[in-house]
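The next block holds one structure in the form of structure tokens; read it before the comments.
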């Protein structure tokens with residue numbers, strides 16, 4: 002079973018890295034959050050770094066942002082410098098090479114920020130950035146710019162301004178809670194935001210984007226899921242990138258969310274050395290379906306500054322979908338998208354329509370076989386219907402008496418003989 006691939010490493014990693022942690026501490030999400038690895042010297046004692054790596058990273062001083070929960074660190078194989086969990090969590094000196102291209106705000110979110118923290122890019126959707134606090138600093142994070150400001154949630158007046166804008170903008174029907182990670186908020190604040198949004202008649206959908214089920218699943222407590230169940234309908238979008246992240250702990254976190262009546266989708270990011278092969282992506286998507294999480298999107302890694310070493314060619318993503326589609330269940334195949342600067346998500350995929358004539362499409366299937374498909378002829382134009390009679394026409398006109406000859410005497414047919 003796929004959910005059993007990583008626990009041996011997780012249990013071994015806990016014993017190796019955090020031998021003094023009690024079960025009560027290890028299962029307490031607050032302990033996990035407080036004890037995130039934030040310091041390079043602490044990291045170097047836990048994971049082997051080359052002398053060159055340590056020296057280059059040490060020179061960065063306060064510019065080096067680091068945050069790894071003990072649970073997620075325990076999934077790393079310390080003997081594998083290319084471990085897929087490590088590549089997502091541990092900084093690389095190449096992030097800071099000046100010749101690497103990259104944008105501070107690759108999606109131009111700041112250009113669409115109507116009030117502080119609220120991005121209104123699509124007509125009917127709004128992105129609600131409630132906090133910049135996050136359990137882990139993913140090395141491919143598209144909002145790395147937030148790290149420089151320190152961890153701070155939005156205050157009540159800021160949240161009210163964001164909610165007020167949504168209340169006054171009736172075309173917004175879908176609100177996406179994001180961050181940071183919105184599940185870093187105190188439950189009272191999360192409850193307040195969800196309650197206020199539920200009072201707005203035109204808000205139909207509320208989505209929560211969180212990586213807690215993956216990197217710190219202890220956060221998904223019954224108290225949290227009870228809160229979520231009071232604000233249905235909700236959707237949770239999470240972010241698994243590799244099969245090794247599917248563990249008994251993360252699977253149980255997902256089940257708790259689902260038992261609360263909240264469906265879950267997964268949004269992966271295509272990362273070099275992590276999941277840039279069809280085999281890895283198939284194992285990931287099959288594992289997600291087994292724990293009730295639908296593969297939704299596979300994102301091309303954004304051109305954010307510091308993530309160039311993790312980015313693949315766009316064609317790698319197209320090729321992965323080519324090798325998945327038709328070889329597994331349709332809903333196991335995510336949609337591959339490129340999120341453009343200011344232009345939104347653009348889906349890409351293999352081309353199955355080769356060419357067409359007036360009445361035929363020439364198509365290929367997943368095996369490369371060619372098929373001719375007859376396109377139905379357009380229906381003939383409909384004959385215009387006669388307009389219905391107006392109230393005073395024909396049916397309501399007084400009828401002209403019909404004359405009938407009787408014994409050569411004209412009488413009214415609708416008149417009684419006397």
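Numbering (the numbering used here), first residue to last: 2 to 419.
We put the CB at the ideal spot given by N, CA and C, even for glycine.
Could you pull out every residue in the same chain whose Cβ sits closer than 6 Å to the Cβ of residue i, ignoring the five residues on either side in sequence?
i	result
residue 164	197
residue 372	364
residue 21	none
residue 162	116
residue 219	28, 30, 33
residue 324	279
Buried or exposed for residue i, please, with buried defined as at least 16 other CB atoms from any protein chain shown within 10 angstroms of its CB.
i	result
residue 70	buried
residue 375	exposed
residue 14	buried
residue 16	exposed
residue 280	exposed
residue 254	buried
residue 301	buried
residue 206	exposed
residue 172	exposed
residue 355	exposed
residue 316	exposed
residue 188	exposed
residue 267	buried
residue 136	buried
residue 153	exposed
residue 221	buried
residue 86	buried
residue 318	buried
residue 239	buried
residue 358	exposed
residue 23	exposed
residue 140	buried
residue 52	exposed
residue 225	buried
residue 49	exposed
residue 246	buried
residue 151	exposed
Which partner residues does residue i have in the DSSP bridge list?
i	result
residue 175	126, 206
residue 346	340
residue 270	300
residue 374	362
residue 213	Note: residue 213 sits in no beta bridge, so no partner.
residue 354	364
residue 326	329
residue 295	266
residue 154	132
residue 116	119
residue 305	104
residue 148	DSSP output for residue 148 lists no bridge partner at all.
residue 236	208
residue 38	69
Kindly list the residues whose CB is nearer than 7 Å to the CB of residue i, restricted to its own chain and excluding five residues on each side of it in sequence; keep chain order.
i	result
residue 242	89, 269, 270, 272, 275, 276
residue 179	128, 129, 130, 210
residue 54	94
residue 199	232
residue 322	334, 337, 350, 351
residue 237	209, 211, 258, 263, 265
residue 195	207, 232
residue 416	Any reading at residue 416 must be qualified, since the residue scores a pLDDT of 41, below 50, and its modelled position is unreliable; the value itself is stated next. Once the five neighbours on either side are set aside, residue 416 has no close Cβ partner at all.
residue 378	360
residue 146	105, 106
residue 347	338, 339, 341
residue 192	228
residue 1	This structure cannot speak to residue 1, because the chain is shown only from 2 to 419.
residue 114	120
I'd like to know if residue i contacts chain B, where contact means its C-beta is closer than 7 Å to some C-beta of that chain.
i	result
residue 103	Absent from the structure: chain B. Only one protein chain is present.
Please check the pair residue i and residue j, which I expect to be a contact at CB under 8 Å, by giving their CB distance rounded to whole angstroms.
i	j	result
residue 350	residue 332	Actually they do not touch by this definition, with Cβ atoms about 15 Å apart.
residue 18	residue 74	6 Å
residue 68	residue 138	4 Å
residue 215	residue 185	With 8 Å as the limit, residue 215 and residue 185 do not qualify as a contact, their Cβ atoms being about 14 Å apart.
residue 174	residue 203	6 Å
residue 201	residue 167	6 Å
residue 217	residue 33	5 Å
residue 342	residue 25	The pair is not a contact, with the Cβ atoms about 47 Å apart (cut-off 8 Å).
residue 326	residue 367	6 Å
residue 345	residue 123	6 Å
Within a Cβ cutoff of 8 Å, which residues of the same chain sit near residue i, ignoring the five residues on either side of it in sequence?
i	result
residue 329	283, 286, 287
residue 310	93, 95, 96, 101, 273
residue 43	none
residue 41	55, 58, 59, 65, 67
Flag this pair as touching only if the segment 130-145 and the segment 52-61 have three or more C-beta atom pairs under 8 Å; answer yes or no.
Under the Cβ criterion (8 Å, minimum of three pairs), the segment 130-145 does not count as touching the segment 52-61.
When the Cβ atoms of the segment 253-261 are set against those of the segment 285-294, are three or more pairs found closer than 8 Å?
The segment 253-261 vs the segment 285-294: in contact.
Whether or not the segment 90-106 and the segment 116-127 are in contact is what I'm after, with contact meaning three or more pairs of Cβ atoms, one per stretch, closer than 8 Å; do they touch?
They do not touch, by the three-pair rule.
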